[in-house]
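Colleague: Got a structure for you, written out below as structure tokens; questions coming shortly.
Number of protein chains: 2
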Amino acid sequence: MSNSTPATIEDVARIANVSIATVSRAIHMPEKVANSTRLKVNQAIAITGYTTNAMARSLRLGRSNMILVVAPDIGDPNFSNILIGLENEARSHGYGILIGHTQNDAQRGLEYLKFLNSNQAAGLILFTGILPFGHQTMTARLPPSVGVFEPVFNGGIPYVGVDDIAGARKVVDLLIAEGHRKIAFIGDSRTRLAYSRRRMGYEAGMDAAEIGAGLRIVFEGDGTIESGRLAVEQLFMRDTLPSAFMCVNDQTAIGVMIGLKARGYDIPGDFSVTGFDDVPQAVFMSPSLTTIRQPRTAIGKQAMALLLELLSDGEPPETEILLLPDLVVRNSVSAPSRARR
Amino acid sequence: MSNSTPATIEDVARIANVSIATVSRAIHMPEKVANSTRLKVNQAIAITGYTTNAMARSLRLGRSNMILVVAPDIGDPNFSNILIGLENEARSHGYGILIGHTQNDAQRGLEYLKFLNSNQAAGLILFTGILPFGHQTMTARLPPSVGVFEPVFNGGIPYVGVDDIAGARKVVDLLIAEGHRKIAFIGDSRTRLAYSRRRMGYEAGMDAAEIGAGLRIVFEGDGTIESGRLAVEQLFMRDTLPSAFMCVNDQTAIGVMIGLKARGYDIPGDFSVTGFDDVPQAVFMSPSLTTIRQPRTAIGKQAMALLLELLSDGEPPETEILLLPDLVVRNSVSAPSRARR
DNA sequence: ACTCCATATGTAAAGGTTTACATAGCATGG
DNA sequence: CCATGCTATGTAAACCTTTACATATGGAGT
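Going down the list, the sequences are from chains A and B.
The numbering of the first sequence is our numbering, which starts it at 41 and goes up by one.
The numbering of the second sequence is our numbering, which starts it at 41 and goes up by one.
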């Protein structure tokens, strides 16, 4: 039974007393095979413990059953949850996932391009806004691909992300509902498209509440902790201080909180602070951070579903799928302090 | 150049004016080929942009260049850092990594077993202490495998982990150096072998300091936050309270801290608390947690290196590799309070 | 009874590699 | 000058599938 060398389709055929073609058909197109024959084949498969040799199959078919997932950094805690969504969806359709990380290094990217060229992956999931294949990007013959989080610069590649405008709108609406009017947006319009969209959500919310430009304060940072701290420093040099800091992401919010605490202020007593992303530590901060949760597993699932559709249909059903993220209310927001109102 | 269908070895052979065998040799056994010929072949490869079709190669060779990594939960933040180590090491040897997660579900495990049987992976990395293939485990024909973190129950499978005894010893030595003598160990001897070893480290440290059994307090939990909280409740019902809680892992330590805070105690003022693992949030807790850092990336790298060695040699060079983990001193430990000394 | 068609199965080629074996060329040693 | 052996290359088989095409079987329609 459990021989040294795995059973092949031929072993099955011999035992079932049919040809290998029939075995193949019994497996992949059962309706094309007589009931009685299918039974014999299934028995033979059970006896031999046969499983299709994926290598041979992929070779014959000209495509593999693997999806390559490329991220700049697989150590990113964001990544692993998306991975779950990706993996579940892939596996339930008979695909496996292959992972690679580039650390934004073109040389590494190139190695993954080789992977693709050597037919090892039928599709590609990209976590980066830029094709990571250096100067060969232009001539690269890519398999069906989809982006995660951000549109992929340069390619007609569909992507799955989050509705950043709507998410930011939820935040600003909360702050306004709490009574804030002087709301600072600590942003970053350069790095990622998503960040610009969050700014748009902020502006839309302020518009809707008819809060004039005079009360809007926008600081351009770069999405890092340090830039949050810096924003506080700069804003304290002006005369009009906000009562709330709406940050483009959680990193920035952490920086802002560090800055405010360093000056001896209480959060949310003196200032309210919000983030965006819901990084894992957001819940452990003190105060815990009110933020927007990225539906990571759902994003992964959707992205993979889209890719699989692409793989079978050829045509992208839609070029952009935006999921609506949820507001997570914690303890970093309250009504504006008397002094700041 | 960039034709619709990828170049094959035959295209290269035609252009270089040699046989396909020579091309293959020029690529994989360059020393077997005349210099002049090798040059011609390399030029032809450059012209055609040829890359070896991995499917065909794996089929012919009877083994793939993929390593399957199976973990109970790839969303675990521990996981992603180890993944980096695994991936780097694998890639630098021409292997790719395939990931799967079982959620401790035998059905899922079985699907990965199919993966293996269908020759899609040359080796296996296991994050679980038990072969995740349900009842088929016994008859499963596994490729070379290595475990991560824990020995794999049941198989003669080498593994890479951390020296838990030495790690625990570092913790207890620190506590003793701070002046503690009544040190409670909040443990879990059932779930994981690693946890029993940490207990051994504790006992060894107490022995070395000649602290008698009378001063040792051991609570058997199950490694969860809740069990840490429970330990506090139980211990407060006894008459001899410890001055320090040495926890078998960070989860337990979190629970202990919750329990102590609920009773209004200050950490480390009233009681010292230590963990083990250095989970990402350990640094964000208040007070930040003194604990043992798992060298995750290094573990991943070592595990993959061991597997690759297995793959080429056939013989495991050693059956257990233990890395020495570092103590991370933060703010949850101080000298014992007067009252508890 | 004969033709035709549908259904079920078989035969063989093709997919791209690697490699055992065969061959050719050439130098070395007698 | 021939036998021998070494080096470089070529030929063809094998790895395991899938599937176009061919064939066989049986039933329906005339």
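Backbone N, C-alpha and C fix where the C-beta goes; we use that ideal spot for every residue, glycine too.
As the structure is a prediction and not an experimental result, all values here were calculated from the model.
Is there contact here, the segment 188-208 of chain B with the segment 358-370 of chain B, by at least three beta-carbon pairs under 8 Å?
Modeller: yes
Colleague: Answer yes or no: does any C-beta atom of chain A fall closer than 7 Å to that of Q334 of chain B?
Modeller: Against the second sequence, residue 334 of chain B aligns to sequence position 294. Output row for Q334 of chain B: interface = no.
Colleague: Could you name the residues of chain A that K154 of chain B contacts, counting a contact when the two beta carbons are closer than 8 Å?
Modeller: As a first step, residue 154 of chain B must be located in the second sequence, where it is residue number 114. Simply T91.
Colleague: So, does the CB of N118 of chain A fall closer than 7 Å to a CB anywhere in chain B?
Modeller: The count along the first sequence starts at 1 and reaches residue 118 of chain A at position 78. N118 of chain A does not count as touching chain B.
Colleague: Hey, does A322 of chain A have any beta-carbon neighbour from chain B nearer than 7 Å?
Modeller: Indexing the first sequence from 1 puts residue 322 of chain A at position 282. Not closer than 7 Å to any Cβ of chain B, the Cβ of A322 of chain A fails to qualify, so no.
Colleague: Are the Cβ atoms of S372 of chain A and P320 of chain A separated by less than 7 Å?
Modeller: The residue given as residue 372 of chain A occupies position 332 in the first sequence. The residue given as residue 320 of chain A occupies position 280 in the first sequence. No, Cβ-Cβ distance for S372 of chain A and P320 of chain A is not below 7 Å.
Colleague: Rounded to whole angstroms, what's the CA-CA distance from L362 of chain A to D213 of chain A? Just pull it up for me.
Modeller: Here the question's residue 362 of chain A lines up with position 322 in the first sequence. Here the question's residue 213 of chain A lines up with position 173 in the first sequence. If I take the Cα positions, the gap works out to 20 Å.
Colleague: Do you know how far the Cα of E273 of chain B is from the Cα of A284 of chain B?
Modeller: Residue 284 of chain B sits at position 244 when you count from the first residue of the second sequence. Residue 273 of chain B sits at position 233 when you count from the first residue of the second sequence. Here the C-alpha atom of A284 of chain B lies approximately 15 Å from the C-alpha atom of E273 of chain B.
Colleague: What does R131 of chain B touch in chain A if you count any residue whose Cβ is under 7 Å from its own?
Modeller: The residue labelled residue 131 of chain B in the question sits at position 91 within the second sequence. Chain A residues near R131 of chain B: E151.
Colleague: Would you kindly work out how many angstroms separate the C-alpha atoms of M41 of chain B and G89 of chain B, rounded to a whole number?
Modeller: Numbered from 1 along the second sequence, position 1 holds the residue referred to as residue 41 of chain B. Numbered from 1 along the second sequence, position 49 holds the residue referred to as residue 89 of chain B. In this prediction, M41 of chain B has a pLDDT of 43, which is less than 50 and means its spatial position is unreliable; what the coordinates show is noted afterwards. Their backbone Cα atoms lie some 7 Å apart in a straight line.
Colleague: Hey, does A53 of chain A have any beta-carbon neighbour from chain B nearer than 7 Å?
Modeller: Here residue 53 of chain A refers to the residue found at position 13 when the first sequence is read from its first residue. Not an interface residue.
Colleague: For H68 of chain B, count neighbouring C-beta atoms within 10 Å of its own C-beta (all shown protein chains included) and say buried if the count is 16 or more, exposed if not.
Modeller: Residue mapping note: residue 68 of chain B aligns to position 28 of the second sequence, counting from 1. The residue in question, H68 of chain B, is exposed, as its Cβ has fewer than 16 Cβ neighbours within 10 Å.
Colleague: My output table needs one value for M69 of chain B: the three-state DSSP class, helix, strand or coil.
Modeller: Start at 1 with the first residue of the second sequence, and residue 69 of chain B comes out as number 29. Residue state, collapsed to three classes: coil.
Colleague: Which term fits M277 of chain B, buried or exposed, when burial requires 16 or more other beta carbons within 10 angstroms of its beta carbon?
Modeller: Taking the first residue of the second sequence as 1, we reach residue 277 of chain B at position 237. Classification of M277 of chain B: exposed, given that the 10 Å Cβ count is below 16.
Colleague: Is the number of C-beta pairs between the segment 145-156 of chain A and the segment 90-103 of chain A that are closer than 8 Å three or more?
Modeller: no
Colleague: Excluding five sequence neighbours on each side, which residues of the same chain lie with their C-beta closer than 6 Å to the C-beta of G125 of chain A?
Modeller: Counting from one through the first sequence, the residue named residue 125 of chain A turns up at place 85. So the qualifying residues of the chain are T337, G340, K341.
Colleague: Given that A217 of chain B touches chain A, what residues does it touch there, using C-beta distances under 9 Å?
Modeller: By 1-based counting over the second sequence, the position of residue 217 of chain B is 177. Chain A residues near A217 of chain B: none, gap ~29 Å exceeds 9 Å.
Colleague: Per DSSP, which residues does M325 of chain A bridge with? Please list them.
Modeller: Sequence index remark: in the first sequence, residue 325 of chain A carries index 285 (1-based). None, per the DSSP bridge assignment.
Colleague: Return the residue from the list A:K301, A:G299, A:T231 that minimises the CA-CA distance to G261 of chain A.
Modeller: By one-based count along the first sequence, residue 261 of chain A stands at place 221. Taking only the C-alpha atoms, the option nearest G261 of chain A is A:T231.
Colleague: Spatial neighbours of V73 of chain A within its chain, please: C-beta separation below 6 Å, excluding the five flanking residues on both sides.
Modeller: Position 33 of the first sequence, counted from the first residue, corresponds to residue 73 of chain A. Result list for V73 of chain A: R65, A66, in chain order.
Colleague: Give, in chain order, every unbroken run of the beta strand (DSSP E) that is at least 3 residues long and sits entirely within the segment 237-313 of chain B.
Modeller: 257-260, 284-287
Colleague: Hey, how far is the Cα of F173 of chain B from the Cα of S236 of chain A?
Modeller: Your numbering for residue 173 of chain B matches position 133 in the second sequence. Your numbering for residue 236 of chain A matches position 196 in the first sequence. Taking the straight line joining both Cα atoms gives about 47 Å.
Colleague: Using 7 Å as the limit for Cβ to Cβ distance, is M344 of chain A near chain B?
Modeller: Position 304 of the first sequence holds residue 344 of chain A. Chain B, which has no Cβ nearer than 7 Å to the Cβ of M344 of chain A, makes this no.
Colleague: Please list, in chain order, the residues of the segment 305-329 of chain B that have any C-beta partner in chain A closer than 9 Å.
Modeller: P320, Q321, V323, F324, M325, S326
Colleague: By how many angstroms is the C-alpha of H141 of chain B removed from the C-alpha of M106 of chain A?
Modeller: Residue mapping note: residue 106 of chain A aligns to position 66 of the first sequence, counting from 1. Residue mapping note: residue 141 of chain B aligns to position 101 of the second sequence, counting from 1. Linking M106 of chain A to H141 of chain B through their CA atoms gives a straight-line distance of about 16 Å.
Colleague: Within the same chain, show all residues whose beta-carbon is closer than 6 Å to that of R269 of chain B, passing over the 5 residues directly before and after it, in chain order.
Modeller: In the second sequence, the residue the question calls residue 269 of chain B occupies position 229. So the list reads G295, I298, G299, once near-sequence residues are dropped.
Colleague: Hey, how far is the Cα of V58 of chain A from the Cα of T92 of chain A?
Modeller: The count along the first sequence starts at 1 and reaches residue 58 of chain A at position 18. The count along the first sequence starts at 1 and reaches residue 92 of chain A at position 52. Going from the Cα of V58 of chain A to the Cα of T92 of chain A covers about 17 Å.
Colleague: Using a cut-off of 9 Å between C-beta atoms, extract the partners of G174 of chain B located in chain A.
Modeller: Mapped onto the second sequence, residue 174 of chain B falls at position 134. Within chain A, no residue comes near G174 of chain B; the closest Cβ sits about 15 Å away, beyond 9 Å.
Colleague: For R333 of chain B, list the residues DSSP reports as bridge partners.
Modeller: The residue given as residue 333 of chain B occupies position 293 in the second sequence. Looking at the DSSP assignment, R333 of chain B forms a beta bridge with B:D317, B:D366.
Colleague: Return the Cβ separation of I137 of chain B and E127 of chain B in integer angstroms, given the expectation that the two are a contact with Cβ distance under 8 Å.
Modeller: For the purposes of this step, residue 137 of chain B is taken as residue 97 along the second sequence, with counting starting at 1. For the purposes of this step, residue 127 of chain B is taken as residue 87 along the second sequence, with counting starting at 1. That belief holds up - the Cβ atoms of I137 of chain B and E127 of chain B are roughly 6 Å apart, short of 8 Å.
Colleague: Can you tell me whether DSSP reads L101 of chain A as helix, strand or coil?
Modeller: Walking along the first sequence from the start, residue 101 of chain A turns up at place 61. Here L101 of chain A sits in helix by DSSP.
Colleague: Specify the secondary structure class of G169 of chain A as computed by DSSP and reduced to three states.
Modeller: Position 129 of the first sequence, counted from the first residue, corresponds to residue 169 of chain A. Coil at G169 of chain A, not helix or strand.
Colleague: Check the Cβ-Cβ distances between S98 of chain B and every residue of chain A, and say whether any is below 7 Å.
Modeller: The residue given as residue 98 of chain B occupies position 58 in the second sequence. Judged by the 7 Å Cβ criterion, S98 of chain B is in contact with chain A.
Colleague: Compare the beta carbon distance of A111 of chain B and F119 of chain B with 7 Å and say whether it is the shorter of the two.
Modeller: Along the second sequence, one-based indexing puts residue 111 of chain B at 71. Along the second sequence, one-based indexing puts residue 119 of chain B at 79. Taking 7 Å as the Cβ cut-off, A111 of chain B and F119 of chain B qualify as a contacting pair.
Colleague: Suppose you measure from the CA of V368 of chain A to the CA of T330 of chain A; what does that come to, to the nearest Å?
Modeller: By 1-based counting over the first sequence, the position of residue 368 of chain A is 328. By 1-based counting over the first sequence, the position of residue 330 of chain A is 290. Near 6 Å, if we compare the C-alpha coordinates of T330 of chain A and V368 of chain A.
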